[in-house]
Amino acid sequence: MSAGLVRPGHPLPTDALGDLGDSLGTLCDLVLASMQRSDQRAKGELYARGLLLTEGTKSMRNIALHLGPEARGQSMHHFISSSTWDWRPVREALARHLERVLAPPAWVLRPMVVRKDGEHSVGVTRRVDPDSGRIVNSQRAYGLWAASRQLSVPFNWSLHLPADWLEDRVRRNRAKIPERWGTITPGQCAGRVLTEVLDGWGLTARPVVLELGSEESAAVMTACSATGVPFLARIPGGTPLSGADPTLPDRSGQEITAQQLLGGVAARTLRRPVQWWDPVEETARTTLAAAVQVRLPRGRGPDRPPARPRPATLPGPYRPSRPGPQPGSPRTLTLLGEWSDIRSWPTEFWLTDLTGPPGRLLRLAKLARRVDRDFAEVGEQVGLAEFKGRSFEGWHRHATLASVAHAVRALAATAGAYALEPSA
Numbered sequence: 001m002s003a004g005l006v007r008p009g010h011p012l013p014t015d016a017l018g019d020l021g022d023s024l025g026t027l028c029d030l031v032l033a034s035m036q037r038s039d040q041r042a043k044g045e046l047y048a049r050g051l052l053l054t055e056g057t058k059s060m061r062n063i064a065l066h067l068g069p070e071a072r073g074q075s076m077h078h079f080i081s082s083s084t085w086d087w088r089p090v091r092e093a094l095a096r097h098l099e100r101v102l103a104p105p106a107w108v109l110r111p112m113v114v115r116k117d118g119e120h121s122v123g124v125t126r127r128v129d130p131d132s133g134r135i136v137n138s139q140r141a142y143g144l145w146a147a148s149r150q151l152s153v154p155f156n157w158s159l160h161l162p163a164d165w166l167e168d169r170v171r172r173n174r175a176k177i178p179e180r181w182g183t184i185t186p187g188q189c190a191g192r193v194l195t196e197v198l199d200g201w202g203l204t205a206r207p208v209v210l211e212l213g214s215e216e217s218a219a220v221m222t223a224c225s226a227t228g229v230p231f232l233a234r235i236p237g238g239t240p241l242s243g244a245d246p247t248l249p250d251r252s253g254q255e256i257t258a259q260q261l262l263g264g265v266a267a268r269t270l271r272r273p274v275q276w277w278d279p280v281e282e283t284a285r286t287t288l289a290a291a292v293q294v295r296l297p298r299g300r301g302p303d304r305p306p307a308r309p310r311p312a313t314l315p316g317p318y319r320p321s322r323p324g325p326q327p328g329s330p331r332t333l334t335l336l337g338e339w340s341d342i343r344s345w346p347t348e349f350w351l352t353d354l355t356g357p358p359g360r361l362l363r364l365a366k367l368a369r370r371v372d373r374d375f376a377e378v379g380e381q382v383g384l385a386e387f388k389g390r391s392f393e394g395w396h397r398h399a400t401l402a403s404v405a406h407a408v409r410a411l412a413a414t415a416g417a418y419a420l421e422p423s424a
């Protein structure tokens, strides 16, 4: 019987996942080892298996029905929402495995907005939907993804908790939100995803591609600067900057928007064709790119180098740019622009503290499209955005095991390039 023919309430065939089941077992042996009890490790693998098998809504009941008698709904609910196992070591083990088998050239930090019909899911509040512009009930979380040209996998998450959840003692207790969780901005919440990874996980630091809103990016850029980890952040064309490039002397020290700075005649002479692989369209594309040196107006971002930066060990050719020559002076950054039409204005903009050829920086920025595709085609299929419970810890445990399921499916799809077994 194939996975598509598994009927709710029937015992799960041992070959329902085929080779994917073997891959899941191998990965779970690695990443669930921190669970002290064997029954917890078994349930963790079972839940991830249910996420891979279950079609439709990934509710506890639906997962249990697809898995058969060995996964009672109440037992599975307790394992996710009320158990004692810590999701952090599982995420750390997953990140270490991805570093070994994938060696990602960058991490991508992006939001995950989940619309909700009711008001009881943890973290739900009234927000503006970025797609429709309407105010809707939604959760807002941030995921850190290991990304390469071939695939991407999330390995750490943070769920933003609005003040109306943290200040309401009844809601807070019902959702079992830890007392240490205080009110923070969405940008600080996004930054926490990164700083947790840098604090003791022992990973090789990667450049971080930021696909965030302006205020969120500013907070994360500050966190990156404080830890010595380079960033490459998408910014709006209207972002105010100060020209600092010797090739554009007429813009030196002048506060101007990113679009105006790169749209000028002098900047357009710097454009060069760049070929890059588009994972969404599955084709090689060629666009124009140019990069110039800029500074941020004071108070708008990481305009000062950290007083005591932590050196980051970076793979490959990526290196942070040097800070400004004088302590306390604005920091020199690189503005990267992209043109899809030689006759038009630039359409995409990024700000980075990396140096290097524009083509290399553009290909790094395009890893965010890899994440967009994998979230839509893999992440949503394994239920990354489908936790139906009300528990804060349950949300994190679900997101962790959904990330494991995502890793199994993504790595197996590119098995010719990446092995699921740990490297020697």
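The sequence shown: position 236 = 236 (UniProt numbering), numbered continuously.
Here a beta-carbon is modelled for each residue, glycine too, at the ideal position from N, C-alpha and C.
Own chain residues within Cβ distance below 8 Å of R96, not counting five before or after: W201, G202, L203
Is E348 helix, strand or coil by DSSP? strand
Once you ignore the five residues that flank G191 on each side, which residues in its own chain have a CB closer than 7 Å to its CB? A219, V220, A223
Along the chain, where does the beta strand (DSSP E) that runs through F375 open and close? Element bounds for F375: n/a, residue is neither H nor E.
When DSSP labels each residue in this structure, what does P305 get in the three-state scheme? Residue confidence for P305 is low, a pLDDT of 43 falling below 50, so the modelled location carries little weight and cannot support an answer.
According to DSSP, is I184 helix, strand or coil? coil
State the CB to CB distance for the pair E216 and A368, rounded to an integer number of angstroms; the pair is presumed to be in contact (CB under 8 Å). Not really, about 14 Å apart at Cβ, beyond 8 Å.
Does M112 come out as helix, strand or coil in the three-state DSSP assignment? strand
Would you mind stating whether L27 and V408 have Cβ atoms separated by less than 8 Å? yes
Does S225 come out as helix, strand or coil in the three-state DSSP assignment? helix
Whole-number beta carbon distance between S152 and Y142, since they are thought to touch under 8 Å: Y142 to S152, Cβ: 15 Å. No contact.
Given that a residue counts as buried once 16 or more other Cβ atoms are within 10 Å of its Cβ, and exposed if not, what is Q74? exposed
With a Cβ-Cβ cutoff of 8 Å, do P154 and S242 count as a contact? no
Cβ separation of E255 and A289, assumed to be a contact under 8 Å, to the nearest whole Å: The pair is not a contact, with the Cβ atoms about 24 Å apart (cut-off 8 Å).
Can M112 and L401 be called in contact, C-beta distance under 8 Å? no
C-beta neighbour in chain C for E196, strict 8 Å: Here there is only one protein chain, and chain C is not present.
For H66 versus G44, is the C-beta distance shorter than 8 Å? no
Are at least three pairs of beta-carbons, each pair with one atom in the stretch 116 to 135 and one in the stretch 184 to 198, less than 8 Å apart? no
Can you name, in chain order, every residue of its own chain whose Cβ lies under 7 Å from the Cβ of T347, other than the five neighbours on each side? E338, W339, S340
Between the stretch 251 to 267 and the stretch 356 to 368, can you find at least three pairs of beta-carbon atoms closer than 8 Å? no
Less than 8 Å separating the beta-carbons of R285 and W276? yes
Measure from the alpha carbon of L261 to the alpha carbon of each residue in L351, V193, N173, then state which is nearest. L351
For the alpha helix (DSSP H) that A266 lies in, which residues bound it at each end? 265 to 268
Alpha carbon to alpha carbon, what distance is there between P207 and T283? 25 Å
In this structure, how does DSSP classify V193 when only helix, strand and coil are distinguished? helix
If you count every other CB in all the chains shown that lies within 10 Å of the CB of I342, and 16 or more means buried, which is it? exposed
So which of V90, K58, W145 has the shortest CA-CA distance to L32? V90
Buried or exposed, going by whether 16 or more other CB atoms sit within 10 Å of the CB of F392? buried
Cβ of Q295 within 8 Å of Cβ of T332? Per the sequence shown, the amino acid found at residue 295 is Arg instead of Gln. Yes.
Taking all protein chains shown into account, decide if V280 is buried (16 or more other Cβ within 10 angstroms of its Cβ) or exposed. exposed
With distances taken from CA atoms, which of H398, I235, T247 is nearest A336? First, the amino acid is wrong: residue 336 is Leu here, not Ala. For L336, the nearest C-alpha among the options comes from I235.
Candidates W345, K176, A412, A266, of which the one nearest R390 by Cα: K176
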